[in-house]
Structures are given as structure tokens and as C-alpha cells.
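Enquirer:
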Amino acid sequence: MSRTHWYHVIFGAMAGLGLWAVFELARQGEDLWYWPGLAVFALSFGAAALAMLGEFGPRRALLAGGAIALVAAGLVQWQAQGFVPSVQVFETGHVLLAALILSTLPIPFAMTLMRFGSAGWHDYPDLFMDTWNVVVRFASASLFASVSMGVLFLLSELLHFVGVDLLRDLLREEAVVMAVGGAACGLGLAVVYEFSEMISPVLVLRLLRLLAPVVLLVVVIFVVAFLLQGATFTLGGLSASEVLITTALGAIALVSIALDQDDAEAVQSRFMRSVARALAGMVPVLAALLVLVYWRRVSAEGWTPTLVVGVAAVAVICGYGLAYGASALRAGGWMERIRRANIVMALGIVGLAALWLTPLIEPEQIAVRSQIARYQADTVKVVDLPLAEMRFDWGPEGQAGLAQLREMAAEDTELAALLTELDAANSSWEFYDAERRMTAMFSGSREEWLAAIERVPAGDIPQPLLDTILRDVMGNAIKPADCRGEGNRDISGCLLLRADLVPSRPGDEALVVIGRDRSVQYGNTTLLALAASGEWISVTGVAFVRNGADAPLTGRALLEAIRAGDFAIEPATIQQLRIGDSAIVINEGGVEQRIDTYSVRPF
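Counting with the UniProt record's numbering, you get residues 1 to 603 for the letters of the sequence shown.
1. Count the C-beta pairs between the stretch 352–363 and the stretch 275–292 that are closer than 8 Å, then say yes if the count reaches three, no if not.
2. On a CA-only basis, which of A264, P305, T247, G182 is nearest M282? Give me that one, please.
3. According to DSSP, simplified to helix, strand and coil, what is A313?
4. Out of L286, W295, D263, T379, point me to the one whose CA is closest to G332's CA.
5. At what residues does the beta strand (DSSP E) containing residue 617 begin and finish?
6. For the stretch 247–261 and the stretch 335–342, state whether three or more C-beta atom pairs, one from each stretch, are separated by less than 8 Å.
7. Could you check whether the stretch 392–399 touches the stretch 78–87, counting it as contact only if at least three pairs of C-beta atoms, one from each stretch, sit closer than 8 Å?
8. Using three-state DSSP, classify E301 as helix, strand or coil.
9. Restricting to Cα atoms, I'd like to know which of N133, I569, R330, A400 is closest to V204.
10. Starting from T526, follow its DSSP beta bridges and name the residues at the other end.
11. Using a Cβ-Cβ cutoff of less than 6 Å, which residues in the same chain neighbour I478 once the five nearest sequence positions on both sides are dropped?
12. Would you tell me roughly how many angstroms separate the C-alpha atoms of V513 and C483, rounded to the nearest one?
13. Return the residue from the list L170, L70, I562 that minimises the CA-CA distance to A99.
14. Identify every residue that forms a DSSP beta bridge with L495.
15. On the premise that A388 lies in contact with L419, defined as a C-beta separation below 8 Å, what is that separation, rounded to the nearest angstrom?
16. Count the C-beta pairs between the stretch 176–189 and the stretch 106–124 that are closer than 8 Å, then say yes if the count reaches three, no if not.
17. Report the residue from A367, G321, H160 whose alpha carbon sits nearest the alpha carbon of M345.
18. Is the stretch 210–223 touching the stretch 36–48, taking contact as three or more C-beta pairs under 8 Å?
19. In angstroms, rounded to a whole number, what distance separates the CA positions of L207 and P201?
20. Going by DSSP, name the residue or residues bridged to I257.
21. Three-state secondary structure (DSSP) at W33?
22. Alpha carbons only, please: which of E197, D467, F128 is nearest the one belonging to D260?
23. Roughly how many angstroms separate the alpha carbons of S299 and T379, rounded to a whole number?
24. How long is the line joining the alpha carbons of Q463 and E447, rounded to whole angstroms?
25. Alpha carbon to alpha carbon, what distance is there between H94 and A305?
26. Taking DSSP as the reference, what is the three-state secondary structure of residue 606?
27. In angstroms with no decimal places, state the Cα-to-Cα distance between G325 and A280.
28. Please report how far the alpha carbon of P284 lies from the alpha carbon of F195, in whole angstroms.
29. Does DSSP put S538 in a helix, in a strand, or in coil?
30. Looking only at its own chain, which residues have a Cβ that is under 7 Å from the Cβ of L511, when we skip the five neighbours before and after it?
31. Starting from W132 and walking both ways along the alpha helix (DSSP H), at which residues does that stretch end?
32. If I measure Cβ to Cβ from L286 and keep anything under 8 Å in the same chain, skipping five residues before and after, which residues do I get?
33. Is E407 buried or exposed, if buried means 16 or more other CB atoms sit within 10 Å of its CB?
34. Please determine, among R516, G534, D472, the residue with the shortest C-alpha to C-alpha distance to G507.
35. Determine the burial state of G459: buried for a count of at least 16 other Cβ atoms within 10 Å of its Cβ, exposed for fewer.
36. Quick one: what's got a C-beta closer than 7 Å to L171's C-beta in the same chain, skipping five residues either side?
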């Protein structure tokens with residue numbers, strides 16, 4: 001190997017060891033105040049130095065990578081002040097995003113600065129190619145490192161078969177794995193750099209260009225669908241805002257790819273240039289829709305850190321939209337104007353990321369002020385306040401907001417009850433389980449629920465059983481009015497059947513039936529049983545046996561049958577094979593019967 005190869009291997013191994021050392025410190029359980037900055041420095045310094053090592057040599061690569069890493073690490077460390085433990089700063093994902101931007105976007109600018117000096121640091125062709133070269137080289141090197149590590153692990157297992165465990169034992173050490181993986185990545189980068197003319201981003205960019213007409217068609221269809229359906233539009237489980245942001249960023253990327261580094265390398269056919277121009281013209285349309293969506297969300301929900309991040313993304317997309325739209329509308333030189341705008345926007349994003357990690361922009365502080373203001377103005381229900389997020393996710397600002405709410409809770413019993421639940425919880429999941437119960441209970445009084453839930457046979461519902469029904473069955477979706485047939489038109493009623501449905505257990509069980517026109521398997525029945533502690537909990541799945549020719553039994557049909565008394569409690573024609581604590585259900589009813597299991601929750 002050449003000296004350059006060895007430099008890459010050593011730098012890669014050092015980066016891997018540095019990263020391992022940082023996380024090893026975190027695993028020691030101590031609250032190390034410097035851990036966030038150290039972690040960001042190790043990651044960004046290793047990536048930046050390796051990206052520039054092949055072209056600029058070790059000294060200049062170390063200096064440039066160190067400068068980038070110091071800025072990113074210093075700002076993250078500043079942001080971590082007040083977080084206890086300090087690592088909690090990374091639980092706010094926007095800090096990681098800002099750190100990632102500060103660690104990566106400046107690399108192409110640093111490369112052009114070292115190549116041309118202060119006069120040519122903003123040379124667009126070099127910035128464009130440097131950016132894509134870094135992406136392709138790291139992708140190729142990462143693939144090589146992954147394959148290399150896979151081969152080493154396979155070799156260690158093969159040696160183990162012949163009684164040689166040295167390699168196997170070494171690869172069990174995380175430090176060795178990180179160092180070897182980093183060295184392999186560095187070696188891959190060195191080789192990729194040597195064959196940069198063969199392994200270049202040109203082919204990737206040429207292939208991506210072909211997607212421009214398809215993406216333009218998708219954008220047009222999406223805009224039309226959004227205008228018809230409004231903010232309720234969803235795609236693959238993503239909300240309208242998420243789909244809009246993804247679509248806008250994809251359009252911006254494809255426009256930049258189609259325009260390439262200069263007019264000579266850009267798309268040449270009149271059709272493709274028209275497509276690129278039309279796609280650039282759609283960016284301001286998507287930006288306008290995003291403004292509308294987020295304006296509605298903030299008005300309805302108040303500020304949260306997620307919404308602050310979303311609005312920041314919308315501001316960036318609006319910047320691109322204004323630049324792209326103005327450039328596309330003007331005749332002559334529109335492609336060069338977009339390229340100039342890309343440089344300005346890249347610098348603007350770096351500046352925004354830097355400001356994000358200073359006290360000038362505090363998403364958690366903005367969110368806390370907004371939520372408290374909504375509570376004071378009585379525009380939000382107490383149960384809809386993001387209390388768990390304030391305690392577990394929003395850092396010191398969230399704790400300060402909870403302190404204010406505790407002072408206000410002296411005159412609000414509902415808020416005081418929720419804060420008591422919050423104090424007893426060890427995680428947001430634990431709190432939300434309790435909050436669901438309280439939300440359901442606050443949606444109607446005990447008397448309202450007792451009047452709304454039919455009982456067979458008639459009788460009172462013990463408070464523990466009612467609490468469990470409200471928490472596990474009704475949740476936030478069903479209200480007393482729904483059970484009375486006055487709310488959700490899909491629900492004809494709610495019924496509680498008390499009977500000895502599980503003879504192997506002492507006492508009766510409770511079957512809760514929601515009268516929907518859907519199969520009883522899909523959220524229309526829940527079987528509860530009384531535990532020895534007195535708590536009612538879900539104990540088993542509900543197995544339904546029916547003839548194959550019959551239509552599925554619906555929640556509404558089951559409810560009406562129980563109302564009419566058209567049912568019987570009798571043994572099922574099913575046996576089970578028990579093996580210790582497990583059981584296999586055997587159907588003895590013949591080939592025409594089917595067993596449908598709703599859910600299984602061991603008791």
C-alpha cells in the first residue's frame with residue numbers, strides 16, 4: 001500500500017477508536033458534562049478529515065476537519081448546558097439534525113477554499129462535484145467496510161471450527177470492531193479516490209435525471225389531490241405536512257441534479273429543460289401549501305419543538321421556492337440563477353443550523369411558552385397538554401414549564417391530578433397509559449358512563465372494572481354519547497356482559513362489546529378478568545368459531561343478540577393441548593368451522 005493508503009487506514013482507525021471511546025464514556029453511567037461536544041467532535045472530525053485527505057494531504061485535511069468539528073462540537077456543547085444528564089440533549093432530534101448539517105455542508109466549501117483560496121471558494125461547478133463526490137465515495141467506502149467486516153466475522157467462525165479462537169475473541173471487543181471498521185472505511189476511501197474517474201457521481205446523477213418527468217407528474221397530481229382533500233391528505237401513513245416537505249425537498253434536489261454544474265453538463269433536450277423549469281416552478285406552490293398547513297397546525301396545536309423544526313424547514317423551502325420561482329419565470333440564464341441561489345441557500349442553512357444551537361433559537365422554550373399561554377387562555381384541555389414531553393423530552397425548559405404549571409395547579413384539580421400521575425411515572429409511556437385512563441374518565445362522569453353502558457345482567461359496575469374499560473376499551477376515541485347512539489354514527493351502543501366465560505378461572509369475566517358494523521375481531525370486543533390483586537385486566541384472546549359459509553360476526557350483531565337474550569353460555573367444541581405454560585388450540589368442530597383469534601395477552 002502507498003503512503004496515502006496508510007494515512008487513510010490510520011485516520012479511519014483513529015476515527016473508529018475515538019467514536020468507541022466516546023460511547024464507552026457514556027456507558028459508564030456518569031453524567032459527563034463534556035460528552036455531547038466530544039461525541040460530535042469525534043464524528044464530524046473523522047468524517048471531514050477523511051473526506052479531504054486524499055486530495056489535500058494529512059496536514060490540511062486535519063486542519064480543515066478540525067475547524068469544522070470544533071464549531072459543530074462547541075455549539076452542541078453550548079446547547080447541552082442545563083441538560084441533566086448532558087446526553088439528554090440528543091433526545092431532542094433537532095439538535096442532532098443541526099449538528100449533522102454543521103458537520104457536513106461546510107465540507108465542500110472548505111475544499112474549494114483550500115483549492116482556490118478566498119477568491120474561488122464559491123465556485124459552483126467545484127462545489128457541486130465535491131458534494132456529490134463525497135456522497136458517492138463515502139457510500140462506496142461504507143459498502144466496502146461492511147463487506148470487509150462480514151468477511152472477517154465469517155473467517156472468525158471458520159477458524160473457530162478448527163480450534164483457533166483468536167480472531168473470534170478479538171472481534172468480540174467493540175474497540176477492535178470500531179477500529180477495524182474505521183480502517184476498512186479509510187482504505188475504501190483511498191482506493192475510491194485513486195479511481196475517482198471510474199467511480200464518480202456522474203452515472204448516478206445521469207440516472208436520477210430520468211426521474212424528473214415522473215416526479216413532476218407526481219407533484220402535479222399531489223397538489224391537485226391536496227387541494228381537493230386539504231390537510232387531511234395522507235400517503236402511506238405520512239401526514240400532509242410530511243408528504244409536502246418530502247415532495248418539496250425531492251423536487252429541489254432533482255432540479256439541482258438536472259441543472260448539474262453548468263449549462264454544458266445540464267440536461268440538453270428541450271423537453272428535459274422544460275421539465276426541470278416546470279419542476280422549479282412547482283417548488284413555490286409546494287412552499288405555499290406548506291405555509292398553509294403549518295399555519296393551521298400551529299393555530300390548532302400551539303407550538304411544539306417538532307412544529308418549530310417543521311416551520312424552520314418550511315422557511316428553508318420557501319427560500320428555495322422564491323429563488324427557483326423567480327428564476328424560472330425570467331427568460332434567459334434561469335439555470336445559472338438557480339445555481340447561484342443554491343450557494344446562497346446552502347450558506348443560509350449552515351447559518352440557521354448554527355443559530356439553532358444558540359440561545360437565539362430555543363424550540364423547547366418557544367413550545368413551553370406557547371402551551372402555557374394556551375392553558376391560561378383556556379383554549380386547550382388539560383389532558384391535551386404535552387406534560388410528558390415537558391418532563392421527559394423538552395430538557396430544562398420543559399422542567400421550568402412544569403414548575404409554572406404546578407403553581408397553577410393549586411386552583412385546578414384536573415391539572416393537579418395529571419401532574420400527580422406524571423410525578424409517579426418513570427417514562428412517557430408509563431404516563432400516557434395513566435393519562436389515557438384519566439382522559440377517558442374526564443370525558444364523562446361516572447354517572448354518564450354508567451348510564452351509557454348497558455349491562456347484562458343488570459347491576460352496578462365496580463369502579464376498578466369501569467376504570468379498566470375506560471382505559472383499555474374506550475380510550476380517547478369513544479365517549480358516553482357514542483355509547484348512547486348520539487355521537488359516532490358507526491356505534492350503536494356499548495354493552496358489558498358478565499358471565500363465567502373462562503371456567504378454569506374463579507369468578508365471572510367481563511366481555512365488553514362495541515356495536516360496530518365490523519367483525520368482532522377488529523376492536524369490537526375485549527375480554528377482561530379479575531386478577532388476584534383485584535385489578536381487572538385483559539386475560540386472553542377471544543376465539544370465534546363460525547361456519548365457513550356464514551358472514552363474519554359483527555360487533556353490532558353480537559350486541560343486538562345479547563340485548564335480545566338470544567345467546568347461551570356453553571362449552572365450546574374446542575380442546576387444547578397443554579404443554580407446561582403453553583397450549584395449542586385444537587378445533588374439533590369439523591372442516592367447515594374456522595377459528596379466528598382476536599388477540600392473545602397472557603394472564
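Glycine residues also receive a C-beta, built at the ideal position from the N, C-alpha and C atoms.
Expert: According to the structure data:
1. no
2. T247
3. helix
4. D263
5. The shown model of the chain, from 1 to 603, leaves out residue 617, and the question about it has no answer.
6. yes
7. yes
8. helix
9. N133
10. V512
11. none
12. 10 Å
13. Per the C-alpha coordinates, the member of L170, L70, I562 positioned closest to A99 is L70.
14. E454, V513
15. Between A388 and L419 the Cβ distance is about 11 Å, and since that is not below 8 Å, they are no contact.
16. Because the criterion of three Cβ pairs below 8 Å is not met, the stretch 176–189 and the stretch 106–124 do not touch.
17. Selected option, being the one with the closest Cα: G321.
18. no
19. 10 Å
20. As computed with DSSP, I257 is found in no beta bridge at all.
21. coil
22. F128
23. Going by the C-alpha atoms only, they are around 10 Å apart.
24. E447 has its alpha-carbon roughly 11 Å from the corresponding atom of Q463.
25. In the sequence as presented, Ala is not what sits at residue 305; that position holds Pro. Answer to the nearest angstrom: the Cα atoms are 8 Å apart.
26. One cannot answer for residue 606 here, as it falls past the ends of the chain, which runs 1 to 603.
27. C-alpha separation (whole angstroms): 6 Å.
28. 40 Å
29. strand
30. Its chain contains L497, L501, T525, L527 as the residues whose beta carbon lies nearer than 7 Å to that of L511, once the 5 sequence neighbours on both sides are disregarded; these appear in chain order.
31. Where W132 is concerned, the enclosing alpha helix (DSSP H) stretches over 124–161.
32. If we look at L286 and ignore the five residues flanking it on each side, its Cβ neighbours are V219, V223, L244, T247, A248, A251, I317, G321.
33. exposed
34. Taking G507 as reference, the option from R516, G534, D472 with the minimal CA-CA separation is G534.
35. exposed
36. Closer than 7 Å at Cβ, skipping near neighbours: L152, F153, S156, V177.
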